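Numbering of the sequence shown is given in our numbering, commencing with residue 1 and proceeding in unit increments. Just so you know, even glycine gets a beta-carbon here, dropped at the ideal spot from N, CA and C. This one's a predicted model, so the numbers in the text were calculated from it and none came from an experiment. Reading through the structure tokens given below for one structure.
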Amino acid sequence: MEYGLVLSGGGAKGSFEIGVWKALREMGIQISAVAGTSVGALNGAIIAQNDFDFALEFWSNLSMDQVFAFNQKITDKYISDWSRQDWSTFASSFKDYVFNGGLDITPLKNNLKKYINEDLIRKSPIKLGLVTVSLNDLKPLELMIDDIPKGKLLDYLLASAAFPAFKRHEIDGKTYIDGAVYDNFPIDLLADRGYKNLIAVELPSPPGLKLRKKRDDLNIINITNSEYLGLILEFDPDLMKKNIQMGYLDTLKKFEKVKGKNYYIDTSKDNANFTNFQKRLGFPIPGDDGMKLPLLLGKDRLLGKEETLDEITKLLGYTSFRNHDIGLSMLEITAKNLDIPRLKKYTPDELTKEIFKEVNTLIDENLSIIKNHKNILDIFKGEDEDASPMNSLRFLTYYMYFLSLNVNSKFPLGKLINRFTPEASLSILTLLYLTNK
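Here you go:
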């Protein structure tokens, strides 16, 4: 199946769209048309040109000085004029200079002029569309590539991205502004031209812009970001790289190439350790009198396998992982509690390896406290929230406590368990099962 691709505006957030494109290319999904508004139009032109290497290099290294001719002009203005003013006058002058004159995006124009090839885009099998608004006519323009005069493509791309804070953008004596003021998510532009199967990338938009369209006649796959993408004008290379990775992974998950709720887990490869972990779930954990597992589940008696799995499922029901795969959910909850980086594709065994690596690091850092039961109990009894186990040793203290505890001892085990969150209990269960093979 071929798709039309719809890209919304969002300034620096547009880096997410390049990650989406990366995933679509990797999956071999064919794009027959791309329509965008503002930064979505700029990305759409690069996609129509099929220049992924440029897109990745450009967005991965994009910084403020590659977008705005801002710093030198401001410095010159300060030296020649503003340095003689008091603070309130300077602040007022600065605001007027920037917002009345508009931000100068000459570096961005020069970059696009260098890399955008209008001839390639016009010959491309991927048809390009964009949205802008003519201020002179008070008229929105929804244009496909054939509607744009030859030699004027770059002008109209910049017209679509003419953010109100930028310097005025003119084409043949007419002023144009950002197409987002009319339609920041141009589904209709492609749908009205016969494209019914659409992949739509909707970036977070400021209040007041049109929201996602509902059309019953279309097959739409909506892709949205799973984390905060930053501000519209926050052009920071590290943030751009993070957003690209997020777009890539969120798209793979949307097309079910990876599993998981918070993480991105590839289950297509052999995962011997995870397979064994799944097989052992529900069976007693060796050691002591077999009561570690039922006590963690709030029971004071030994449980059979099916009953244990039912209790684990109930515990998951108190978390955001309700009705998700039990084994993967337990891995994800544990990884999250250990602050293992999320924006990476893992196999289950790779995620398990990262869990052990972090556990070993925490053991090394806190060994002197962990091996003393009295220290742990003092933390549990403490009234100071800053001394609570989740803050001082994270949940690892719980894990090490249970690992070494004689459940028949006088320690107030039931009271301690009542202080666990479901996520903490599930993390301890996961580590106990992974440790006791």
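Please classify Asn1 as buried or exposed, where buried requires at least 16 other C-beta atoms within 10 Å of its C-beta. Residue 1 is actually Met in this sequence, not Asn. An exposed status is given to Met1, since fewer than 16 other beta-carbon atoms sit within 10 Å of its beta-carbon.
Work out the CA separation of Asp250 and Ala45 for me, nearest whole Å. So the alpha carbons of these two residues sit roughly 22 Å apart.
So, for Gln30: in the same chain, excluding its five sequence neighbours on each side, which residues have a beta-carbon less than 8 Å away from its beta-carbon? These residues qualify, in order along the chain: Met1, Glu2 and Tyr3.
Sufficient close CB pairs (3 or more, under 8 Å) joining the stretch 168-176 to the stretch 197-205: No, because fewer than three Cβ pairs between the stretch 168-176 and the stretch 197-205 fall closer than 8 Å, the two stretches do not touch.
Taking C-alpha atoms, which residue in Phe274, Asn243 and Asp65 lies nearest to Leu56? Closest by C-alpha distance to Leu56, out of Phe274, Asn243 and Asp65, is Asn243.
Ile126 to Gly151 span [Cα, whole Å]: Answer to the nearest angstrom: the Cα atoms are 19 Å apart.
Close beta carbons around Phe395, own chain, < 6 Å, minus the five adjacent residues each side: The predicted model places Phe395 with a pLDDT of 49, which falls under 50 and marks its position as unreliable; any figure quoted below should be read in that light. Asn337, Ala424 and Ser427, listed in sequence order.
With distance defined between alpha-carbon atoms, name the residue in Ile326, Glu234, Asn225 and Pro107 nearest to Lys254. Nearest of Ile326, Glu234, Asn225 and Pro107 to Lys254, Cα basis: Asn225.
Residue range of the unbroken alpha helix (DSSP H) whose run includes Met240: Segment Pro237 to Lys254, the alpha helix (DSSP H) holding Met240.
Same chain only: Cβ atoms within 6 Å of Ile199, ignoring 5 sequence neighbours per side: Closer than 6 Å at the Cβ level, and outside the excluded window around Ile199, lie Tyr3, Leu5 and Ile221.
Considering only residues of the same chain and omitting the five flanking positions on each side of Leu302, which have a CB-CB separation below 8 Å? Taken in chain order, the residues that qualify are Pro284, Gly290, Met291 and Pro294.
In the DSSP assignment, the beta strand (DSSP E) including Lys139 goes from what residue to what residue? First-last of the beta strand (DSSP E) with Lys139: Lys139 to Met144.
Under a three-way DSSP split, which group does Tyr115 fall into? If DSSP states are grouped into helix, strand and coil, Tyr115 belongs with the helices.
Identify whether Ala200 lies in helix, strand or coil by the three-state DSSP scheme. Correct three-state label for Ala200: strand.
Should the stretch 256-268 be regarded as contacting the stretch 227-246, the criterion being three or more beta carbon pairs within less than 8 Å? At 8 Å Cβ cutoff, the stretches do not touch.
Out of Asp236, Tyr156, Met330 and Gln66, state which residue places its alpha-carbon closest to the alpha-carbon of Met144. Out of Asp236, Tyr156, Met330 and Gln66, the CA that lies nearest to the CA of Met144 is found in Tyr156.
Have a look at Gly19, Tyr346, Met330 and Asp119 and flag the residue whose alpha-carbon is nearest the alpha-carbon of Asp146. The candidate whose alpha carbon is nearest that of Asp146 is Asp119.
At the level of alpha carbons, what is the spacing between Leu297 and Asn360? Their backbone Cα atoms lie some 25 Å apart in a straight line.
Would Gln278 and Gly247 be called neighbours here (beta carbons separated by less than 8 Å)? At the C-beta level, Gln278 and Gly247 stay beyond 8 Å of one another.
Distance, Cα to Cα, Leu130 vs Asp217? Distance from the CA atom of Leu130 to the CA atom of Asp217, rounded to whole angstroms, is 22 Å.
Given this structure, state the Cα-to-Cα distance separating Lys410 from Asp300, to the nearest angstrom. Reliability fails at Lys410, whose pLDDT of 43 lies under 50, so the model's placement of it is uncertain and the value that follows must be treated cautiously. Straight-line measurement puts the Cα of Asp300 at about 15 Å from the Cα of Lys410.
Rounded to whole angstroms, what's the CA-CA distance from Gly19 to Thr267? Just pull it up for me. Approximately 21 Å, taken between the alpha carbons.
Taking all protein chains shown into account, decide if Asp183 is buried (16 or more other Cβ within 10 angstroms of its Cβ) or exposed. When all chains shown are included, Asp183 counts as buried.
Compare the Cα-Cα distances from Leu138 to each of Ile121, Val181, Lys167 and Tyr195 and report the closest residue. Nearest neighbour of Leu138 by Cα position, chosen from Ile121, Val181, Lys167 and Tyr195, turns out to be Val181.
Assign Tyr228 to buried or exposed, taking buried as 16 or more other Cβ atoms, counted over all protein chains shown, within 10 Å of its Cβ. Residue environment analysis places Tyr228 among the exposed positions, since fewer than 16 neighbouring C-beta atoms fall within 10 angstroms of its C-beta.
With DSSP run on the structure shown, which of helix, strand or coil describes Ala12? In the structure shown, the three-state DSSP call for Ala12 is helix.
For Tyr176, does the three-state DSSP call read helix, strand or coil? In this structure, Tyr176 counts as strand in the three-state DSSP scheme.
What residue range does the alpha helix (DSSP H) around Gly129 cover? DSSP places Gly129 in no alpha helix (DSSP H) but in the uninterrupted beta strand (DSSP E) bounded by Lys127 to Ser134.
Have a look at the DSSP bridge pairing and note the partners of Glu170. Under DSSP, Glu170 takes part in a beta bridge, and its partners are Thr175.
Could you give the distance in angstroms between the alpha-carbon of Leu103 and the alpha-carbon of Leu190? Approximately 32 Å between the Cα atoms of the pair.
Burial state of Asn43, where buried means 16 or more other Cβ atoms lie within 10 Å: With 16 or more other Cβ atoms within 10 Å, it is buried.
To the nearest angstrom, how far is the alpha carbon of Leu158 from that of Val67? Taking the straight line joining both Cα atoms gives about 12 Å.
Proximal residues to Arg342 (C-beta, below 7 Å), its chain only, five neighbours per side dropped: Correct list, in chain order: Asn262 and Tyr263.
Please state if the CB of Phe166 and the CB of Ala12 are separated by a distance shorter than 8 Å. No. Outside cutoff.
According to the Cβ coordinates, are Leu331 and Thr430 closer than 8 Å? Contact: yes.
Kindly list the residues whose CB is nearer than 7 Å to the CB of Val39, restricted to its own chain and excluding five residues on each side of it in sequence; keep chain order. Excluding residues within five positions, the ones whose Cβ falls inside 7 Å are Gly9, Gly10, Gly11, Gly14 and Ala161.
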